[in-house]
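To start, the structure under review is shown below, and the notes come after it.
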Amino acid sequence: MKNWQEKYKTKICSPDEAIQKIKSAKRISFGHICSESTVLTEALVRNKQLFKKLEIDHLLSIGKCEYAKEENSEYFHHNALFIGPKTREAANSFYGDYTPIFFYQTAKIFGKDGDLAPDAMLLQVSPPDENGYCSYGLSCDYTKSATESAKIVIAQINKFVPRTLGNCFVHLDDIDYIILEDTPIPEIPAPVIGELEEKIGANCASLINDGDTLQLGIGAIPFAVLNFLKQKKDLGIHSEMVSDGIVDLIQAGVITNKKKNFNPNKVIATFLLGTKKLYDYADNNPAIELHPVDYVNNPMIIAQNDNMISINSAIQVDLMGQVNAEYINTKQFSGPGGQVDFVRGATMSNGGKSIIALPSTTADEKISKIVFTFEEGVPITTTRNDVDYIITEYGIAHLKGKTLRERAKLLIEIAHPKFREDLRKKAIEKFKIL
């Protein structure tokens, strides 16, 4: 767009000047993950004296998160809808909160008339095209909905933000204040994959057939699965997240999206998380589309993909097949994210499968992750009614359609050998026969 800076020069200001514009706000939100403008969130903290218990609602953040520290609790009240490492302490303390929610529902809750519709939205976007449209770039998810519902929108225009395509644009007319600052996008390298993750990844990959459409969650195990797909053909992607590993398989000709019956020939996602390699590949690439999370993660939309395979991780599974993917040692650790969205969508899909994969024990092998029952207060992420496949390094347990006794037996078989006898004794006591 020629001379757009001249046309919109009245909107251009410094980060500190922009924060001054929202001093009367009661509730704000940020762009999700890499769509967070750390230039603006750091300016927010610099100008904290303007605020008194300003409510900050958002999901995963990879910035400094100083607004979530106890020392700033006089100025900000942090409410996480998904908890990350830097917001975990606040979410489990008196000066922060956690709101349980499925990922696909976040677009509605941040949207017009939603319970968390923000007074102001802070984010970063790509430079505008010739028609004045900026791409949300790295996260469309709830970011688009919150931007559209906010009373004031402050956007950092950043040349490093890729121009991703799809239902993923905001016009300059809908941005109230513009920050011109080019800051490199945070890069999240691939997780370390060891022998344990490889065994689990291989077990997961054994359930994937040529032409299937995949969703892969966050973590080492979903990433490990990618290493065992190199001999597959014509795979497709409909996933909340796309990582560098997806790019590798596209370039290798493994992921073609040709066999997808729904949104064929395209990767469909709601956010990107990886390195510059991924961001550069997605830039202006019509083979990758980002859409709002109430589309991508809507179980009824997911289910329209035939042969939909979802792969997600967990913290614990009990002998009835209940899954805890968000709670450790009496503390909220993360959140359900998109796990349940895709568990339900995949199992409703024609030919679909839902996989929950986890190591059989903690890293020191002192605690079994296959447990007889959860401790009091542990939330259920995926219910026993929804669960399909559970996988560890010791094998695959197909639980859908199985009785409680059958489930207990199958899960004990994929538990670590040193815990099987104790689990078996407890199961016999409960079910009388096993």
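Note that the sequence shown ends on residue 441 in the working numbering; no numbers are left out.
We put the CB at the ideal spot given by N, CA and C, even for glycine.
In this text, all values refer to a predicted model and were calculated from it rather than measured experimentally.
Can you tell me the Cβ-Cβ gap for residue i and residue j, rounded? I've got them flagged as a contact below 8 Å.
i           : j           : result
residue 106 : residue 86  : 6 Å
residue 330 : residue 368 : About 16 Å; that fails the 8 Å criterion.
residue 1   : residue 309 : Residue numbering for the chain in the displayed model covers 8 to 441; residue 1 lies beyond these limits and cannot be assessed.
residue 18  : residue 183 : 7 Å
residue 147 : residue 174 : 7 Å
residue 379 : residue 325 : 7 Å
residue 109 : residue 301 : No, residue 109 and residue 301 are not in contact; Cβ-Cβ is about 10 Å, not under 8 Å.
residue 185 : residue 157 : Not quite, the Cβ-Cβ distance comes to about 15 Å (not below 8 Å), so this is no contact.
residue 333 : residue 386 : 6 Å
residue 195 : residue 282 : 7 Å
Going by the CB atoms, is the gap between residue j and residue i shorter than 8 Å?
i           : j           : result
residue 39  : residue 381 : no
residue 242 : residue 262 : yes
residue 260 : residue 232 : no
residue 89  : residue 341 : yes
residue 222 : residue 247 : yes
residue 313 : residue 345 : no
residue 363 : residue 396 : yes
residue 63  : residue 35  : yes
residue 111 : residue 392 : no
residue 230 : residue 198 : yes
residue 97  : residue 75  : yes
residue 411 : residue 438 : yes
residue 328 : residue 406 : yes
residue 149 : residue 132 : no
residue 212 : residue 179 : no
residue 254 : residue 273 : no
residue 72  : residue 59  : no
residue 320 : residue 226 : yes
residue 377 : residue 422 : yes
For residue i, count neighbouring Cβ atoms within 10 angstroms of its own Cβ and tell me buried if that reaches 16, exposed if not.
i           : result
residue 165 : buried
residue 169 : buried
residue 53  : exposed
residue 462 : With the chain covering only 8 through 441, there is no way to say anything about residue 462.
residue 323 : buried
residue 202 : exposed
residue 43  : buried
residue 296 : buried
residue 307 : exposed
residue 10  : exposed
residue 191 : exposed
residue 299 : buried
residue 251 : buried
residue 26  : buried
Under the DSSP definition of a beta bridge, which residues are partnered with residue i?
i           : result
residue 163 : 131, 186
residue 34  : 62
residue 173 : 297
residue 141 : 177
residue 243 : 220
residue 248 : 278
residue 19  : 185
residue 103 : 85
residue 325 : 378
residue 146 : 278
Runs of beta strand (DSSP E) lying entirely within the segment 65-94, each at least 3 residues, in chain order:
83-87
Return the chain-ordered ranges of every alpha helix (DSSP H) run that is complete within the segment 329-397 and spans a minimum of 4 residues.
346-355
Beta strand (DSSP E) runs contained entirely in the segment 257-319, provided each spans 3 or more residues:
274-276, 295-297
Minimum length 4: unbroken alpha helix (DSSP H) runs contained in the segment 399-436:
411-420
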